[in-house]
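The structure appears right after this line, and notes come after that.
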Amino acid sequence: MTEIKLYNTKTRSKQVFKPIDADNVRMYVCGPTVYDRAHIGNARPVIVFDTLYRLLRHVYGVDHVKYARNFTDVDDKINTRSAESGRSIRDITDETIGWFLDDMGALGALEPDFAPRATEYIDQMITMTEELIAGGFAYAADGHVLFDVTSYDRYGSLSGRSIDDMIAGARVEVAPYKRNPMDFVLWKPSSGAQPGWESPWGFGRPGWHIECSAMSRELFGETFDIHGGGLDLAFPHHENEKAQSCACMGEDSFAQVWMHNEMLQVEGKKMSKSLGNFFSVRELLDQGYPGEVIRFVYLSTHYRKPMDWTEKKAAGAEATLRKWRALVEGIEPSTSAAVPAVIACLADDLNTAGAIAALHDLAKAGDAEGLKASAELLGLLGDDLGGWENKAVRFEEVLLDVVEIWRAHRTNKRYEFADAIRDRFTFLGLVISDSSEGATFRLDYKKAMESFLMSGNVAKLQNGPLIGVPFSEIDSWVASELVKLEDS
RNA sequence: GGCGAGUUGGCGGAGUGGUGACGCAGCGGAUUGCAAAUCCGUGUACACGAGUUCGAUUCUCGUACUCGCCUCCA
Numbered sequence: 005m006t007e008i009k010l011y012n013t014k015t016r017s018k019q020v021f022k023p024i025d026a027d028n029v030r031m032y033v034c035g036p037t038v039y040d041r042a043h044i045g046n047a048r049p050v051i052v053f054d055t056l057y058r059l060l061r062h063v064y065g066v067d068h069v070k071y072a073r074n075f076t077d078v079d080d081k082i083n084t085r086s087a088e089s090g091r092s093i094r095d096i097t098d099e100t101i102g103w104f105l106d107d108m109g110a111l112g113a114l115e116p117d118f119a120p121r122a123t124e125y126i127d128q129m130i131t132m133t134e135e136l137i138a139g140g141f142a143y144a145a146d147g148h149v150l151f152d153v154t155s156y157d158r159y160g161s162l163s164g165r166s167i168d169d170m171i172a173g174a175r176v177e178v179a180p181y182k183r184n185p186m187d188f189v190l191w192k193p194s195s196g197a198q199p200g201w202e203s204p205w206g207f208g209r210p211g212w213h214i215e216c217s218a219m220s221r222e223l224f225g226e227t228f229d230i231h232g233g234g235l236d237l238a239f240p241h242h243e244n245e246k247a248q249s250c251a252c253m254g255e256d257s258f259a260q261v262w263m264h265n266e267m268l269q270v271e272g273k274k275m276s277k278s279l280g281n282f283f284s285v286r287e288l289l290d291q292g293y294p295g296e297v298i299r300f301v302y303l304s305t306h307y308r309k310p311m312d313w314t315e316k317k318a319a320g321a322e323a324t325l326r327k328w329r330a331l332v333e334g335i336e337p338s339t340s341a342a343v344p345a346v347i348a349c350l351a352d353d354l355n356t357a358g359a360i361a362a363l364h365d366l367a368k369a370g371d372a373e374g375l376k377a378s379a380e381l382l383g384l385l386g387d388d389l390g391g392w393e394n395k396a397v398r399f400e401e402v403l404l405d406v407v408e409i410w411r412a413h414r415t416n417k418r419y420e421f422a423d424a425i426r427d428r429f430t431f432l433g434l435v436i437s438d439s440s441e442g443a444t445f446r447l448d449y450k451k452a453m454e455s456f457l458m459s460g461n462v463a464k465l466q467n468g469p470l471i472g473v474p475f476s477e478i479d480s481w482v483a484s485e486l487v488k489l490e491d492s
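Counting in this note's numbering, the first sequence runs from 5 upward without gaps.
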């Protein structure tokens, strides 16, 4: 059996992965708070852990791996959104969950086996909170229940912090009902319009961290194999989850391996709402980036390194995938055809960049079957379209007419006319590949967009090059230019 | 202030204690009416300083710089 090594945040080292039960490998990943479209940073853990899920399924068998990813559907951001829009919380969260699954599906992410919603596990959260109080790890005060961080002596061990250091950082909310400023909320009171449930401490709602502890116990039991999420969750979210669960169920309980993906940047800068370079997966898809291209860009950087999203990388990814897709077209590989070199890279702490290099080797060697089977382990080159339909040239009829004119000029050696037409094509971003089997065309989006802007169209670039013109506008512009070309 | 990560050729990006991936770009060639596409070939890079070593880009320590988390945000 393939030996998988994973970097464990808890031990700060790469270790051989030994599942608790090889017939029931369990992975829990923190999912989104559902109040808005997923931004491109949300997509990184989804793609990273989807790839790990695929690898685990390959190694342990599809029926022996269980993956849970929660939806946080009770949160003040959702309450705010509800108050602003006048819509019900359930409406907002239902819609957002639908968007999330659509957008992540477009990136080739498999749906997890479990997608628990926090609001459906309130009872379990209350139960765990009661257990923590009974065990002396939490206390009720002023309608709140707080976790007493001093009661758990390993508090801070996951993220490498000490309580004293953190208090010195002075970034904690001081509240009169807290015994220690670092104590965090397990339960808090709700008033009027806020969502809430009856509890031993009155009408209220859970704090953020308790949901993962309660839901993972319900779905997976007291212990499970892998807990993943973005590095920014390491503290406080994961530290607090671990404190709750281990205080409640023992130090050996809860996650055995903690994995954190590094953050994502955009064109070399931190992506944040305050910097305004913040955009959603849907915006990227709508601009014509196939989901598969986005996925490829993410996988070309190791998950524990900061990843920079750039247009240049996307263009490179597209060129590579286009080449590979042409090579594997019509190939039906057996599921066991995945190549050892690719598997070995993935098994080495998910070295996806190395795996992609191995795929390049396969492509160069012309091993279409190996390429396709191996690529599918990374969620690439699947049979679904991967979002390429957005790139299909929808003005095909006009195009074919113009091509006939171009061809006629060439056949008659009227090269100056033929070349003028071709130059026009090139200007429009239409890349012509004229082979012995006939001419084929594709639209170079970036080139087309440049020409579009050069042609006097108003630039709509507001927040950098990516938040630009929708692909559909380029599309119709190219079509109208082709009509002009045909007329002239 | 606390914690952590990184620094590899023009760009992106793996990896290794000892003849230096891979991709893109560039360059040369094949092909082409000319191109595009494709194919073939081509590149002695590992922040700086010291230490360990027969030998370090790879290990240790230090310096510089970059970045992230601790706040909305994964």
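Each residue gets a CB set at the ideal place from its N, CA and C atoms; glycine is no exception. In this text, all values refer to a predicted model and were calculated from it rather than measured experimentally.
- Between the segment 237-248 and the segment 209-223, the count of C-beta pairs closer than 8 Å reaches three or more; the two stretches touch.
- Excluding five sequence positions before and after V261, the CB atoms of its chain that fall closer than 8 Å to its own CB belong to L10, N12, K14, Q19, F21, D229, I230 and H231, given in chain order.
- A straight line joining the alpha-carbon of M311 with that of E266 spans about 7 Å.
- For G45, same chain residues with a beta-carbon under 8 Å away, outside a window of 5 residues either side, are G234, M267, L268 and M275 in chain order.
- Here V66 is exposed, its C-beta having fewer than 16 other C-beta atoms within 10 Å.
- Between the segment 293-310 and the segment 340-347 there are fewer than three inter-stretch CB-CB distances shorter than 8 Å, so the stretches are not counted as touching.
- Within the segment 256-332, the beta strand (DSSP E) runs of at least 3 residues that lie entirely inside it are, in chain order, 258-265, 268-270 and 311-313.
- Going by DSSP, A144 is part of the beta strand (DSSP E) stretching over A142 to A145.
- Taking C-beta atoms under 8 Å as the contact rule, T6 and L303 fail to qualify, at a distance of about 19 Å.
- Within the same chain, V153 and A247 come within 6 Å of Y159 by CB-CB distance, once the 5 residues on both sides are set aside.
- With contacts defined as CB atoms closer than 8 Å, V78 and A122 qualify as a contacting pair.
- Looking at the DSSP output, W201 sits in a beta bridge with G208.
- Around the Cβ of P210, a 10 Å sphere holds 16 or more other Cβ atoms; the residue is buried.
- Cα atoms of L363 and F151: separation of roughly 49 Å, rounded to the nearest angstrom.
- Secondary structure note for W103: it is in no beta strand (DSSP E), and the uninterrupted alpha helix (DSSP H) holding it is I93 to A110.
- When the beta-carbon positions are compared, E222 and Y125 come within less than 8 Å of each other.
- Per the Cβ contact rule, the segment 295-302 is in contact with the segment 317-325 (3 or more Cβ pairs under 8 Å).
- Secondary structure note for I24: it is in no beta strand (DSSP E), with a DSSP letter that is neither H nor E.
- Its chain contains M253 and S257 as the residues whose beta carbon lies nearer than 7 Å to that of E226, once the 5 sequence neighbours on both sides are disregarded; these appear in chain order.
- The closest CA to that of F429, considering only R414, K417, R418 and L447, is found on L447.
- With respect to E490, D405 sits close: the two C-beta atoms are nearer than 8 Å.
- Short of 8 Å from the beta carbon of Y419, and not among the five residues preceding or following it, lie these beta carbons of its own chain, in chain order: H413.
- With fewer than three CB-CB distances shorter than 8 Å, the segment 347-359 does not count as touching the segment 324-335.
- Rounded to the nearest angstrom, the gap between the Cα atoms of S166 and G383 is 40 Å.
- The Cβ atoms of V29 and L60 lie closer than 8 Å to each other.
- Its chain contains S194, F207, G208 and R209 as the residues whose beta carbon lies nearer than 7 Å to that of G200, once the 5 sequence neighbours on both sides are disregarded; these appear in chain order.
- Taking the C-beta atoms as reference points, G295 is found nearer than 8 Å to G112.
- Between W212 and A144, the C-beta gap is not smaller than 8 Å, which leaves the two residues out of contact.
- DSSP, read as helix, strand or coil, puts M31 in strand.
- Take the alpha-carbon of W410 and the one of S480: they are about 21 Å apart.
- Closest in alpha carbon position to A119, among S155, K70 and I137, is K70.
- The shortest CA-to-CA distance from D117 to any of W103, R58 and D80 is the one to R58.
- Judged by beta-carbon spacing, K192 lies within the 8 Å limit of H148, meaning their Cβ atoms are closer than that value.
- Residue state for N244 is assigned as helix, using DSSP reduced to three classes.
- In the DSSP annotation of this structure, the continuous segment of the beta strand (DSSP E) that includes F151 starts and ends at H148 to F151.
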